[in-house]
Amino acid sequence: MSKSRMEGSTVQLKCLYTNERSLGNKQEELEATVLLESYDIVAITETWWYESYDWSVAIEGYKLFRRDRQGRRGGGVALYVKEWLESEEMSLKPSLGSDEDRVESLWALVLMGDFNHPDICWEGYTARHVQSRKFLQCLDDNFLTYGVEESTRRGVLLDLILKNKEGLVEDIKVGGSLGCSDHEKIEFRIVDSICKTTSRTETLDFRRDNFDLFKKLLGEIPWVRALEGRGAQESWSIFKYHFLEARDQCIPKSKKSGKGSSRPAGLSMELLKKLKWKKDIYTEWKKGLTAWEDYKNAVRICRDETRKAKASLDLKSVRDVNKKGFFKYIGGKWKTRKNVGLLLNETGATVTEEFYYIKL
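In full-length UniProt numbering, the protein residues as written are 1 to 360.
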């Protein structure tokens, strides 16, 4: 009962980029910050994730794309994208020329990351080291320009937002951090024509059901005569037909949009206010209105509060006798939710009937 349509329209996407040097102890603050600021895209480098981090990395309302460093500690990147945005992963390998051709055909490209060239003088567009000069030449060869002009780590500009078109990235702001990361966050907006999925899903509205009529309609069917001499599959088809017909008469449907996302469980308004307060303290420090120690104190308070909220929610989920709520909480924390995809029969045709799904 789900219908989707693709639309191309000019929108402004609110984005966040940050280098975290281990996201493990900052996941709760990340989730709270994403909710508070309503980002459309969140890009993270240095996640330090590995396979066991499949648990508790999902954020409701977002698709997660990730690539972990294999074989040793550190590294790793993650990209959270709002579900209403049409997004897909593309492999860039020498053997996959078709994807490389698709990348070359992209007319709007934004690259984010810690490129780690501290010796580059961006005002003069010069560099001392050979590797850094090659990097600048690569930018020129691919018509890429940089947008960040403030230092992002200890007085040095390491983290960059690169774009291939003027006006594609706007309103770049540097400042603040998740937890005690020594890299500053970068907020910006992508302004472009975006393909988005508008979901129009029909759901059963059980608040307006009429179960008395439902039982009456099913009770009036002469089941013995209707199913007499029928096989299991034919009997199931007859029962399903009458069941769904009665359901449609007794339980109305309502439409809901899949664009919005709800506040995560355990994330109180008080915690959101503290995170906003931390951001305000940083803004005051940048203007010289408060001391650095005041900002460090705000970071510590927010870190402790997010950890307390997470621990309180975990304890409540275990202590309360509420199986539905517990499994909803657990299920929402997995990286992905896998559904059964299309199945093909022996002739290669798509399977649609339940009987053949079970058989295959």
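Where a beta carbon is used, it is the ideal one built from N, C-alpha and C, also for glycine.
The model shown is predicted, which means the values in this text are computed figures rather than measured ones.
(request) Jot down the residue ranges of each uninterrupted alpha helix (DSSP H) in the UniProt domain "Endonuclease/exonuclease/phosphatase" (35-183), minimum 4 residues, whole runs only, in chain order. (result) 97-105 and 130-141
(message) I want to know whether the segment 167-174 touches the segment 137-152 - three or more CB-CB distances under 8 Å.
(response) yes
(request) Excluding the 5 residues preceding and the 5 following Arg303 in the sequence, name in chain order all residues of the same chain whose CB lies nearer than 7 Å to its CB. (result) Glu29 and Gly179
(request) Measure from the alpha carbon of Val34 to the alpha carbon of each residue in Lys185, Leu158 and Glu245, then state which is nearest. (result) Lys185
(message) Counting beta carbon pairs with one atom in the segment 271-287 and one in the segment 32-49, are three or more of them shorter than 8 Å?
(response) yes
(request) State the DSSP-derived secondary structure class of Asp205, mapped to helix, strand or coil. (result) coil
(request) Give the secondary structure of Ile251 by DSSP, where H, G and I count as helix, E and B as strand, and everything else as coil. (result) coil
(request) Please name the residue, chosen from Ile41, Ala78, Leu217 and Thr45, that lies closest to Phe243 on a Cα-to-Cα basis. (result) Leu217
(message) Quick check on Gln131: buried or exposed, where buried means 16 or more other Cβ atoms within 10 Å of its Cβ?
(response) exposed
(request) Take Gly113 as the anchor and find which of Glu86, Leu158, Lys134 and Ala127 has the nearest alpha-carbon. (result) Leu158
(message) I believe Leu271 touches Ala246 by the beta-carbon criterion, under 8 Å. Please report the beta-carbon distance rounded to the nearest angstrom.
(response) Between Ala246 and Leu271 the Cβ distance is about 46 Å, and since that is not below 8 Å, they are no contact.
(message) Looking only at its chain, what residues have a beta carbon closer than 7 Å to the beta carbon of Ile281, apart from the 5 residues adjacent to it on each side?
(response) Thr290, Asp294, Tyr295 and Ala298
(message) On the DSSP letters alone, give me the boundaries of the alpha helix (DSSP H) that Glu270 sits inside.
(response) Met269 to Lys286
(request) Helix, strand or coil for residue 372, going by three-state DSSP, please let me know. (result) An answer regarding residue 372 cannot be provided, because it is not within the stretch 1 to 360 covered by the chain.
(message) Once DSSP output is grouped into helix, strand and coil, what is the label at Ile238?
(response) helix
(request) Out of Ile120, His129, Arg128 and Asp140, point me to the one whose CA is closest to Gly155's CA. (result) Ile120
(request) Measure the CB-CB distance between Ile44 and Val81 and report whether it falls below 8 Å. (result) no
(request) Could you pull out every residue in the same chain whose Cβ sits closer than 7 Å to the Cβ of Ala32, ignoring the five residues on either side in sequence? (result) Leu267, Leu271, Leu272, Leu275 and Thr306
(message) Tell me whether Ala291, by its Cβ, gets closer than 7 Å to a heavy atom of the ligand FMN.
(response) This structure does not include the ligand FMN; it has no bound ligands of any sort.
(message) I need the straight-line Cα distance from Gly231 to Ser22, nearest angstrom please.
(response) 59 Å
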